[in-house]
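Report on the following structure.
Residue numbers (the working numbering): 50 to 237.
This is the structure in structure tokens:
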């Protein structure tokens, strides 16, 4: 089965009743650079306008247990997804209505690294977690990186009656420290 190619402004509707999904993110360091680069996946859980939790390399599981990070790939080497975010949508608190998915170059400002140094960035959504089922659902190639882009808001999952997977693909000139301060969340 092929993935549905997600276009901006045309979200993919996640089937009602489908709970276990994975967002896979992949990239390769450009052959034009000799830099080693560490890109990191982030999931930011939001209640209204407020971030309620963040899943990333230093916090690999949400407090509710519904979102987990597969691990921290430090190089981007290899084929396929380099990092995966696993979601159990039915276990998310009812007041979480949005999840932001980001890719950030670790210490990108300090190391003078940008998305110009990265190739083949992709985002894909499939059914199942932990390698179980893995039915393809949706995907897109991530563009929009330039010499100033160190972080990328890749996609958003929004809940109304059902969950939608939306392509965002918006770049920013900050790294993980700024992302964390912008979305500071209060731990209960």
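C-beta atoms are modelled at their ideal positions from N, C-alpha and C, and glycine is treated no differently.
None of these values were measured; they are calculated from a predicted model.
Item: Residue 12 bridges to which residues according to DSSP?; Value: Residue 12 lies beyond the stretch modelled for the chain, which goes from 50 to 237, so this question has no answer here.
Item: Count the C-beta pairs between the region 196-210 and the region 138-148 that are closer than 8 angstroms, then say yes if the count reaches three, no if not.; Value: yes
Item: What does the Cβ neighbour count give for residue 131, buried or exposed, with the cut at 16 atoms within 10 Å?; Value: buried
Item: Thinking just about the alpha-carbon of each residue, which of 93, 128 and 98 is nearest to the one in residue 117?; Value: 93
Item: Which residue marks the beginning of the alpha helix (DSSP H) containing residue 219, and which one marks its end?; Value: Looking at the DSSP string, residue 219 is not in any alpha helix (DSSP H); the run it does join, the beta strand (DSSP E), is 212-221.
Item: What's the C-alpha gap between residue 174 and residue 65?; Value: 15 angstroms
Item: Return the bridge partner residues of residue 202 from the DSSP annotation.; Value: 151 and 219
Item: So what's residue 84 in DSSP terms, helix, strand or just coil?; Value: coil
Item: Report the three-state DSSP secondary structure of residue 139 (helix, strand or coil).; Value: helix
Item: Assign residue 218 to one of two classes, buried (16 or more other C-beta atoms within 10 Å of its C-beta) or exposed (fewer than that).; Value: buried
Item: If I follow the unbroken alpha helix (DSSP H) through residue 231, where does it start and stop?; Value: 225-231
Item: CB residue 162 to CB residue 69, shorter than 7 angstroms?; Value: no
Item: Taking the beta strand (DSSP E) that residue 74 belongs to, which residues open and close that run?; Value: 69-78
Item: Near residue 164, which residues of its chain fall below 8 angstroms by C-beta distance, leaving aside the five closest residues on each side in sequence?; Value: 154, 170, 193, 194, 195, 198, 199, 201 and 220
Item: In angstroms with no decimal places, state the Cα-to-Cα distance between residue 129 and residue 75.; Value: 6 angstroms
Item: Below 8 angstroms on the Cβ atoms is my contact criterion, and I expect residue 104 with residue 134 to pass it. Report the Cβ-Cβ distance as a whole number of Å.; Value: 7 angstroms
Item: Taking DSSP as the reference, what is the three-state secondary structure of residue 106?; Value: coil
Item: Where does residue 235 sit, in a helix, a strand or coil, going by DSSP?; Value: Bear in mind that the predicted position of residue 235 carries a pLDDT of just 48, short of 50, making it unreliable; the figure below should be weighed with that in mind. It is coil, neither helix nor strand.
Item: Decide if residue 95 is buried, meaning its Cβ has at least 16 other Cβ atoms within 10 Å, or exposed.; Value: buried
Item: Check each candidate in 87, 115 and 150 and name the one with the smallest Cα separation from residue 157.; Value: 87
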